[in-house]
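**Student:** The structure that follows is given in the form of structure tokens.
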Amino acid sequence: MCVYDVCALHLLLVVLVVAAMSFGRNVLMVVTHIVSVLISLLLLTNMIYQIDFFKHDEYNVNCTDTHLVPSPPEERPLNDADWVGLQKTSKSRTLPDLLKGYIGLIVLATILAVVDIRQMYRRHMDGACLMRPTVIFPQIQRVHTDDNIKSCLMFLFNYGFYKFGVEVSLVMTVILIGSRMDVYAVLYGLWLCILFALKRETIARVWGFFQLFIIIVIPIQYAMAVGLPPGLCIGEL
């Protein structure tokens, strides 16, 4: 949603999601609740903005009188409300089209909460430990992988990323570099060379710095895509 609808309001969501993906499940669940609240507020804000009291054209920006930046040849004028993330409905874009991303995320968050509560309830009724299992198939261990293909696949579902996480991450980094082909690709390429040359023990010690790099770079990229408010008439970042 944030990728297909780039705006200032979504920058906070990007920062929260990127940070949450780099920490444990407890932090991830807290951020999930925070993001759910923010998305609900954004949904209500966009619905309130549809009231006729708010005139979208009043936020149009005309930079033709300034010598700082020429007016871009765009089909529609620059608008501060568009930059923030508030848009009016039209014949080509109805209210469901504007809100479907928010609604979809709220539905996913609701399903996640229902599944968690249901699983905890079942574990409580069965007298099992209320803690979430750390693997999908607790009964499958390394000794079972040679029994048959099914057991081997179940073991990979349990520990596949634990065994091959570094290799998968490096492959995805290569794909990212090939798809971007910009200055950020160069930075990722430097990290790829460093990680590829290190031993696994050393990678474990520097992996946190690689995560910190990603946490910093992704929000910066999104902020540059959002740019400065059009009303400043000083061009893009």
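Using the working numbering, the first residue of the sequence shown is number 73, and each one after it goes up by one.
Idealized CB from N, CA, C, for every residue including glycine.
#1: Does DSSP put V133 in a helix, a strand or coil?
#2: In or out: L116 buried (at least 16 other Cβ within 10 Å) or exposed?
#3: On the DSSP bridge assignment, give the partners of L150 in chain order.
#4: Suppose the cutoff is 6 Å on Cβ atoms and the five residues either side in sequence are ignored; what does the same chain contact list for G207 look like?
#5: Does the beta-carbon distance from G176 to D77 come in below 9 Å?
#6: Please report the distance separating the alpha-carbon of L167 from that of N132.
#7: Taking the beta carbon of V298 as the centre, do at least 16 other beta carbons fall within 10 Å, making it buried, or is it exposed?
#8: Spatial neighbours of T161 within its chain, please: CB distance less than 7 Å, with the 5 preceding and 5 following residues excluded, ordered by chain position.
#9: Are V107 and Y294 touching if we call contact CB-CB under 9 Å?
#10: Is M226 buried or exposed, if buried means 16 or more other CB atoms sit within 10 Å of its CB?
#11: Measure how close the beta-carbons of L264 and V246 come, nearest whole angstrom, since I'm counting them as under 8 Å.
#12: In chain order, what are the residue ranges of uninterrupted alpha helix (DSSP H) at least 4 long that sit wholly in the segment 167-241?
#13: By the 10 Å Cβ neighbour count, where 16 or more other Cβ atoms means buried, how is C135 classified, buried or exposed?
**Tutor:** Taking the structure as given:
#1: strand
#2: exposed
#3: V133
#4: Checking the displayed sequence, the identity of residue 207 turns out to be Val instead of Gly. Here the set comprises N230.
#5: no
#6: 21 Å
#7: buried
#8: Q122, L167, L170
#9: no
#10: buried
#11: 7 Å
#12: 167-197
#13: buried
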